[in-house]
Every structure is written in structure tokens, then in C-alpha cells.
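First the structure, in the form of C-alpha cells, and then the observations on it.
There are 2 protein chains.
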Amino acid sequence: MTTADSTPHSKLAKYLRDDAVLGSVASIISWDEQTQLPPAATDLRADQSSMLAMMSHKRATAPELGEMIAAAERHVVEQKLGTDSTEATVAREARRDFDRSTKLPADLVEALARAQVVGHQAWVSARKADDFNAFQPHLDNMLGLKRQEADCVGHDGDRYNALLDDYEPGETSTGIEQVFTDLKDELVTLVAKIQDSGRVAPRDILRRHYPVEAQRNLSRQAAQACGFDFDAGRLDVAVHPFCTGIGPGDTRLTTRFDEHEFAGAFFGTLHETGHGLYEQNLPKIEHFGNGCGMAISLGIHESQSRTWENPVGRSQAFWEHFWPIARKFFPAALNDVRTDDFLFAINDVRPSFIRVESDEATYNLHILLRFELERAMLSGDLNVADLPGAWNERMQKYLGITPSKDSLGCLQDVHWSAGYLGYFPTYTLGNLYGAQFFESVTTHLGGEAERDSMFARGEFQPLLDWLITHIHSKGRRSSARELVNTVTGRELTAQPLLNHLKRKAAEFYGV
Amino acid sequence: MTTADSTPHSKLAKYLRDDAVLGSVASIISWDEQTQLPPAATDLRADQSSMLAMMSHKRATAPELGEMIAAAERHVVEQKLGTDSTEATVAREARRDFDRSTKLPADLVEALARAQVVGHQAWVSARKADDFNAFQPHLDNMLGLKRQEADCVGHDGDRYNALLDDYEPGETSTGIEQVFTDLKDELVTLVAKIQDSGRVAPRDILRRHYPVEAQRNLSRQAAQACGFDFDAGRLDVAVHPFCTGIGPGDTRLTTRFDEHEFAGAFFGTLHETGHGLYEQNLPKIEHFGNGCGMAISLGIHESQSRTWENPVGRSQAFWEHFWPIARKFFPAALNDVRTDDFLFAINDVRPSFIRVESDEATYNLHILLRFELERAMLSGDLNVADLPGAWNERMQKYLGITPSKDSLGCLQDVHWSAGYLGYFPTYTLGNLYGAQFFESVTTHLGGEAERDSMFARGEFQPLLDWLITHIHSKGRRSSARELVNTVTGRELTAQPLLNHLKRKAAEFYGV
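Line by line, the protein sequences are chains A and B. For what it's worth, this note's numbering labels the leading residue of the first sequence as 1149, then goes sequentially. For what it's worth, this note's numbering labels the leading residue of the second sequence as 1149, then goes sequentially.
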């Protein structure tokens, strides 16, 4: 006889919850490091973080956990429970994490950790000195280690899939290639047409004086209007903004302010708010630490941040509500600005070199290029020495511009130096998922006109409710692709995102 | 043969350092709870704190630690090392903590933890309802448990000493009684004379409008001038201000601001700065987690905070430097105020009911009363039911006033509800130590005139250097009383504090 507390499922869930509590301590330590830490405390912080990481690793690879998972799996089979049942989800996701953690030999884990630290330092110097040759051996070394990692984890012949799986479980490089190619074919043409339109957005109005305190207050007000619960979260300042879902009741957003620029902090906050809403509405009280309370993937997470940042935050309807509020916060900067000009400025599309500063449309071409290049480097089709040339060639082909130096090109991102291979595509997957979800929720809300009149009244709860019901509350009961199918009624395609970008291009550039 | 890394001493120090790193994580979690935590996250925070406490307790009571300490002790004996040597200090203090942790049976630890939580809640309600009877059984229960605790720890017949030892190692109730009686005899008379002088300080000037941002900036500037290193620390806001020395390079002060009151935040910050300077200058880089890098006692800690708050921060010399600065920060509030009136206001002595709002002189009478009462309750000489009467009687005797209700009397402090018996006297011990140290450092600096002219120039480094050399850098190499003897050349007496208070009484009240 098993009581409620001693089923294989409940035992496993209890163990995972304790892991999550320990992990949430590490999250606080990391948040504190990025928002509060005095400069002289970095050595202590490294000791604290590595102690917690060691404790977590020990628990995550403990043989007793393996036995608990096996028992929970047997229970699911015996009881013939469906794959999206709580028990099956918890067992499956625990297995996934356990296998990934235990398959890597200790010496590889250590070599990867060292390569990350050394590679990151080398990248910082190389980018500063604009010297790709200085970074090349570190990238070569990292690729070798990531190939070993992929082989240890196991794959179907394509090592890239093993790495991708860490960020976007179940996704494959060929699956991505298909939808990315569809996107690329039309997007390159669209961006070229926009360039040829001759119209230029009045972006200077975003570079006036926007006092920081007013930016902070407007950003908070916007996050709150979107549904972010400040009783269960915070907004602080960090050099590299992020959102961390620490645990039930504690989700923290960060942003950064520049008193001479409006868009970075405002849309950055909306972006992190989207991540924060997902974290706040995952069923963590019941399922903290197990698959039912966890985000599906980086791509699905990004779909939430992009939705609030772009189709919502840059829409005319959103600004019908927020324009008078923003003018009250920034009378000096905005009093002589026409709403249309402001909307054009925040929806400007313009090829540029730096991904993180790029617009909603060209952003995806930055990602496609990185996906193609990292895949080719991992397979060996592209020699690392040839990366700068391949990068510049694709920039010219996709965006019509060529960086004058590698610090504006292949040295701009931190990801590869840190071993994040397979991470880049999740950004554009997020845009694709988000656009397809947004079409469905628009239908649910009664069509575009009805949706926009809600936004114009400052009503975002109906949108959030839909996201909670169909996405947030589900945890990891399905894969990202399955979720898209279930929620939108069809396979993921590039069309919703393309339609959205084309509508905007027509509106602002007449193309 | 033992290498440097494998001596009994270095093994023990390594283990203690790891304990300290884990403890420093708990310190961050606690700081975050008091300064940052969203309200909805309190349950998660309780889980995080208790997990860390359990981990720390397990390490602190591990049999392997007991063996390491025994080996380190044998090493000290074999090598005939002096009691203030690094090795002897580390072994002795580790033994102290280990014995205290292992002597309490688990069921008593649990009962104390439960009584603390329940007792605290009962105290909050009882104080609010002004209902001592509702709190009485909880205090009775706590006293019973504290007697058991004292018996487990062991004592010389006076249980109070066993409890006191947790906060003020080596101190005894008879030792305290001696010096407190000397203090009381003269202080009661002095306070009565001040009352009879008929002079009243213009305290209203401290209750004007003092904008919070300016208070924050002035407080930071003062902390920095005293020597607090903001590259290795912070200043934030908390409901109950505190200082936490998290570890090497990370010491955090907190304060609270009231835009309608100046003194609370300013002198509160100076007080925490004093604690912070001790924490920042303990030799934690070499000795994190062992006795050589730890504060001696609560009393010595308090001596540092009181020194910067009172003899330094309320002195005329200090304000020769800070007065023009303060007037720039608060032109509206201070432009029509004479320096002398401001000095009188911040040095006002006036009997009042609430300890934490009382002045530099009467504060000690609040403490003496609590020391006498908690000692009598623990021994059984005073029944808990008779506490309110005994309290009020002593208030009348020492301060000439009687509280109209228990919430202004014996229900005002959190300490007893939380089981902090033996804690109160460390506050006045701090004032006593501090005054005696201050006499010595004054001599060292060339006398009062020379010292004051340094302060008037904003030079506090010579004072801090002396405190670092004679106190901070020593860690726990000696007991508090030994330190006083070594540093000041004589036993602790009440005279330095009395002299200081009498000088001020003469200056401001002409008595």
C-alpha cells in the first residue's frame, strides 16, 4: 500500500522540489551578483557560486535520484498514464535532466568549464583589440569539446541536435532549417524593398533627454499594465538585462537606463516582462522543480518576451493607451512629437551590424546567419579560420552591408566563447512561435479590430489569460512543436511572422 | 611529514572556511529578505533559509569536524603555541562553537526553534493588544527552555552565564553587575540633575522636512568619510536596520529614512558604519571563517558602532566639518538654525519609555533594568507574572517615569520572545568598552584638542587606523575583557563612559 506521500511520483517530486529550492538560492546569488555585488566581493562570490553548483551537481547526479526516476517511470507504465499526465511529465523531464547530467564524464565537464572561463576572457580581449586570430584557437578548442559533449549525450548522426536539445528539447537542425529557409527567402527581399523605399524613420526623437526616474516609472507602469505582479517580483538595473524566475512568488526583471535614449530601457523592460509573465504563471506552487512547473524551452520562453515587446509593445493600439502617459512623463522630449512619427521611429527597419541593437525584422537575419555558421563549424564544413570571411559574405547577402571589422562582425557575441552552441536559433524560433500564437489569440479575442480596441483601452488581461491557459499553465507537458500544433491547430510555419512583418512594412514604408 | 596544506591547523581552517562560504550564502539570503524580497516570496524564502540552516548545522556538528579540532588542539599543545597564536585561536574558537552546537539535544533545538516562532507571533499580537497576560505563558515557556539550554551547555551554578557566553564569551553576570552598578549609581543622579536643570533642547529642528534623497547622500558621504569602503560594501534600506559582514569584500549596511526626521537615519547610518568598519577590517581574506577573522563579541562589536555614532558623530568637532555640508543638503530645513542649537538637539538627554528611541545617556538605564529583570526571571527570583510591576517600579526609580501601559514597558522589545536572554547587557558593555577605548585613542592622537581638530578637518583615518591596529586586526585572539586590558592598560570600569556623559551634561545642561 502506498500513501499519497510515498508514491514513486511523490517521492521524486519531493526530491526535485528540494533541488529547486537549492537552485533558487543559486538564482538569488546570481541575481545579487548582477545587480548588487560590491566590486571587491567577486572572489567570495565565485566561491559561493561554485559551492552551490557543486552541491546541485551532486544532487542532480545522485544514484538514489536515478532509482527514484526508474521507479516513477515503472509506475507510469504500470498505470498506463498518458504522456501529458503529471506523473509522466515529471518522470520524463527528470529522466532527461538526469541522463544529460550523468552522461558527461567529470573530466569533460571540467574541461568545458575551464574553456568557458579562458575562452570568455580571450573573447573579451579579442573583441577589444579587434583581433580574430587571438580568439580563433579558443573557438577551435571549444568546438572540439562541444563535439565530445554531443557524442557523450548521443545523437542521430548530427551533433548539432545533441547541443540544440539542451535549449530546445526535441528540436532538430533540419526542422529549423526548413522553417528558417522559408523565412529567409521572403525576409531578405522584404528588407531590401524597405531599404529601396527611400523612407527613413525619425529615430532622433528617441535620442532626446529622457530622465531616468521617469523612464523607471513608465517602465514599471507598463510592466504592471501587462500583468506583471510586483507583489511577486521586482524590477532592477543590470548591465546585461535579464529575467530570473527564482521560484514561487519571486520573479525578478532587470533593465538598464540611458537618459539619452528611450527605446532600449522601455522595450527591454517589456521584453523581460514577457519572460516574467511566463515565470509568474507557471504552476510553481504545486510543481516547483518538476517538469509540470517548468518552461518548455528557450524558444517558447522567447516567444513570450517577443510577443509583449513587439506585436503588443510596438503596436499602434498599445500606444493609443500609453502615448498620453508617456507625454506626461517626458513633456520636454515628446511635446512636439506627432504620434505617427513616434510609431514610425519605434518600428524602424534598417540593416545594421550589431544583433542586439537591430530591429524586429532584420534581427532574424542576424540569427539565420549565426545558425548556418555555427552548424557548419561544428560539422567541420567551415574552418574556424574562414569564419570572418563567411560571416561578412552572408551579411552582404542577407542585409546588404559588410562590417569593416570583426568586432562589428563575428566577434560581437559572447555565446560561442561560452560554449553556447545551438542557442542562437531559439531567438528566432521565439519570434516564429510568438507570431503564430498571436494569430490564434487574435482570433480568440474576436479579430484584429477587437484586440486592438482592448489594447487601446489598456486592457491586456484577456491576452495574458489566453497565454496562461494555453501556454504558461502547461509547464513541460508537451514539446514546443507539439504545443504549437495543439494551440494553433497547425504545424509551425514562417507565414505568421512574415505576415506580421509585411503588414508593418506596408504601413510604414509603403512596400 | 606534514606539508603546509595538510597540517591539522590548515585542514581545520579549510573546513571552517567552507562553512563560512556556506554561511555567507545564508547571509545574502537574509539580507535579501530584509531589503529586496517581494511579499509573495516569504514561503519560498523560509524553505531556502531552513535548507541552508540544516546544511550548516550538519557541517557544524559533523564528527569529522570534532576529530579535526582535537587534532588541531593536540598540535597546539605539542608545539607549545601561545593562546593568542593563530593556531591556538583557531582551535579554541572552533572548539567553543562545536561544543555549543553538539551539546544541545535535537529535541531541545527543535523546541527552542518552535518556541521562537510561536513566541514571536504571540509577542507581536500581545504588544499590539497591550495584553501582557497573553504573552506571559510564552515567556514562561521560553524561560524554561533557556534553563534547559543553560544546563546542557554547562555553567558554574549561574545559568545566566551559560546564555551570556553565547553573545559575550567569557563574561559573567557578576562581572557585569559590578561595572553596571558603578554606572547606575552615578548615572541615575546625573539624569535627574539634567531633568532638574530646566534646559530643554530644541528638538523640533530635527523634525522638519529632510528630503530622503539628500539624507541618503549625506549618510553615504558621512559613512565614506569615516572610512567605510563602498567598493566592498553597500548602504540600503531595511525596516529594522542592521549591518551584515557577509565575507571578504562584502559588508552591507542598512538604514531607514523618514523625510520628517533627520537624526534616525543619520545616526543610524553612523552606528551601522561602525559595525561595518569592524567587519571590513577584520582579517577575513586570510582568516575567513576561523577565530582570527571573527569579531570578539557582540559587546566589542557594539563598542565600534557606538563610538562612531556618539563620541564621534555627536561631537562638536565632527559637526564643524559636516555642518556646512548638511546645510547644503538641507537648505530649507537648516538655513535658520544655529550650530549650537543643532548640537544641543542631537545631544538632548530626556527620559523616555522606548529604549530604541532613547538618548546616549538614558539608554544605559534601559539596559540595566532589562539585565536585572531577565537575570531575576531566569533564576526564578522574579515570577513572570510580576514582570510588569517590577519593570514599572524600576523605570520610576531609574528614569523618574512610569509607562502607562505594557506596550510602552515590558512588551516593547522583541528579544525575550525570540529567546535572546543575555543579549541586552552587550549594548551597554559596548558603550563602556567604547568609552574606555576612546580615552586611549584620544591620548594616542595627542589629546582632546588635537583629536578634535582632526575631526573638524574631516580626518577620521587616524582614529580608524588605531581601531584597526588594536581591535579589528586581532580577531578573537583574546576575550573582550583581555582586549580592554591590553589596549587601555587597565580593567574595564564605568568611569570613561561616566566622564564622557558628565562632560556633555555640563556643556549642554550646565550640571
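Heads up, the beta-carbon is just placed ideally off N, CA and C, and yes, glycines get one too. Note that this is a predicted model, so its numbers are computed, not measured.
With a threshold of 8 Å between beta-carbons, can residue i be considered close to chain B, or not?
{"i": "residue 1182 of chain A", "result": "no"}
{"i": "residue 1382 of chain A", "result": "yes"}
{"i": "residue 1199 of chain A", "result": "yes"}
{"i": "residue 1359 of chain A", "result": "no"}
{"i": "residue 1397 of chain A", "result": "yes"}
{"i": "residue 1642 of chain A", "result": "no"}
{"i": "residue 1188 of chain A", "result": "yes"}
{"i": "residue 1507 of chain A", "result": "no"}
{"i": "residue 1167 of chain A", "result": "no"}
{"i": "residue 1172 of chain A", "result": "yes"}
{"i": "residue 1616 of chain A", "result": "no"}
{"i": "residue 1333 of chain A", "result": "no"}
{"i": "residue 1164 of chain A", "result": "no"}
{"i": "residue 1192 of chain A", "result": "yes"}
What residue does the alpha helix (DSSP H) around residue i start on, and which one ends it?
{"i": "residue 1301 of chain A", "result": "1280-1301"}
{"i": "residue 1422 of chain A", "result": "1411-1429"}
{"i": "residue 1590 of chain A", "result": "1573-1592"}
{"i": "residue 1255 of chain B", "result": "1254-1277"}
{"i": "residue 1460 of chain B", "result": "Segment: none, residue 1460 of chain B is in no alpha helix (DSSP H) and carries neither H nor E."}
Start and end of the beta strand (DSSP E) containing residue i?
{"i": "residue 1394 of chain A", "result": "1391-1395"}
{"i": "residue 1439 of chain A", "result": "Looking at the DSSP string, residue 1439 of chain A is not in any beta strand (DSSP E), and its letter there is neither H nor E."}
{"i": "residue 1381 of chain A", "result": "1381-1385"}
{"i": "residue 1402 of chain A", "result": "1398-1403"}
Does the ligand ATP have even one heavy atom less than 7 Å from the beta-carbon of residue i?
{"i": "residue 1533 of chain A", "result": "The ligand ATP is not part of the structure shown, which contains no ligands of any sort."}
Whole angstroms are fine: how far does the CA of residue j sit from the CA of residue i?
{"i": "residue 1579 of chain A", "j": "residue 1200 of chain B", "result": "40 Å"}
{"i": "residue 1428 of chain A", "j": "residue 1396 of chain A", "result": "7 Å"}
{"i": "residue 1655 of chain A", "j": "residue 1562 of chain A", "result": "35 Å"}
{"i": "residue 1320 of chain B", "j": "residue 1274 of chain B", "result": "32 Å"}
{"i": "residue 1503 of chain B", "j": "residue 1304 of chain B", "result": "31 Å"}
{"i": "residue 1107 of chain B", "j": "residue 1362 of chain B", "result": "Residue 1107 of chain B cannot be examined here, being either before or after the span of chain B that is shown, 1149 to 1659."}
{"i": "residue 1175 of chain A", "j": "residue 1173 of chain B", "result": "11 Å"}
{"i": "residue 1451 of chain A", "j": "residue 1269 of chain A", "result": "31 Å"}
{"i": "residue 1405 of chain A", "j": "residue 1284 of chain B", "result": "54 Å"}
{"i": "residue 1426 of chain A", "j": "residue 1181 of chain B", "result": "24 Å"}
{"i": "residue 1341 of chain B", "j": "residue 1657 of chain B", "result": "9 Å"}
{"i": "residue 1149 of chain B", "j": "residue 1159 of chain B", "result": "Bear in mind that the predicted position of residue 1149 of chain B carries a pLDDT of just 42, short of 50, making it unreliable; the figure below should be weighed with that in mind. Taking the straight line joining both Cα atoms gives about 15 Å."}
{"i": "residue 1609 of chain B", "j": "residue 1586 of chain B", "result": "14 Å"}
{"i": "residue 1370 of chain A", "j": "residue 1178 of chain A", "result": "26 Å"}
{"i": "residue 1544 of chain B", "j": "residue 1550 of chain B", "result": "5 Å"}
{"i": "residue 1344 of chain A", "j": "residue 1540 of chain A", "result": "21 Å"}
{"i": "residue 1271 of chain B", "j": "residue 1597 of chain B", "result": "48 Å"}
{"i": "residue 1466 of chain B", "j": "residue 1600 of chain B", "result": "8 Å"}
Compare the C-beta of residue i against all C-beta atoms of chain A and say whether one is closer than 8 Å.
{"i": "residue 1196 of chain B", "result": "yes"}
{"i": "residue 1549 of chain B", "result": "no"}
{"i": "residue 1160 of chain B", "result": "no"}
{"i": "residue 1425 of chain B", "result": "no"}
{"i": "residue 1379 of chain B", "result": "yes"}
{"i": "residue 1401 of chain B", "result": "no"}
{"i": "residue 1430 of chain B", "result": "no"}
{"i": "residue 1213 of chain B", "result": "no"}
{"i": "residue 1176 of chain B", "result": "yes"}
Check the C-beta distance from residue i over to residue j and give it rounded, since I have them as a contact under 8 Å.
{"i": "residue 1611 of chain A", "j": "residue 1589 of chain A", "result": "6 Å"}
{"i": "residue 1354 of chain A", "j": "residue 1474 of chain A", "result": "11 Å between Cβ atoms; not a contact."}
{"i": "residue 1311 of chain A", "j": "residue 1570 of chain A", "result": "4 Å"}
{"i": "residue 1318 of chain B", "j": "residue 1628 of chain B", "result": "7 Å"}
Exercise. Is the stretch 1233-1244 of chain B close to the stretch 1436-1446 of chain B, with three or more CB pairs under 8 Å?
Worked result: Cβ pair count under 8 Å is three or more, so yes.
For this session: Would you check if the stretch 1612-1621 of chain A and the stretch 1471-1488 of chain A touch, i.e. whether three or more CB-CB distances between them fall below 8 Å?
Result: Result no; under three Cβ-Cβ pairs closer than 8 Å.
Exercise. Does the stretch 1291-1301 of chain B come within contact of the stretch 1504-1516 of chain B, defined as at least 3 CB pairs closer than 8 Å?
Worked result: Not touching, per the Cβ criterion.
Exercise. Do the stretch 1182-1197 of chain B and the stretch 1386-1401 of chain A meet, that is, are 3 or more Cβ pairs less than 8 Å apart?
Worked result: Under the Cβ criterion (8 Å, minimum of three pairs), the stretch 1182-1197 of chain B counts as touching the stretch 1386-1401 of chain A.
Exercise. Counting pairs of beta carbons, one from the stretch 1373-1387 of chain B and one from the stretch 1400-1414 of chain B, are three or more of them closer than 8 Å?
Worked result: Yes, the stretch 1373-1387 of chain B touches the stretch 1400-1414 of chain B.
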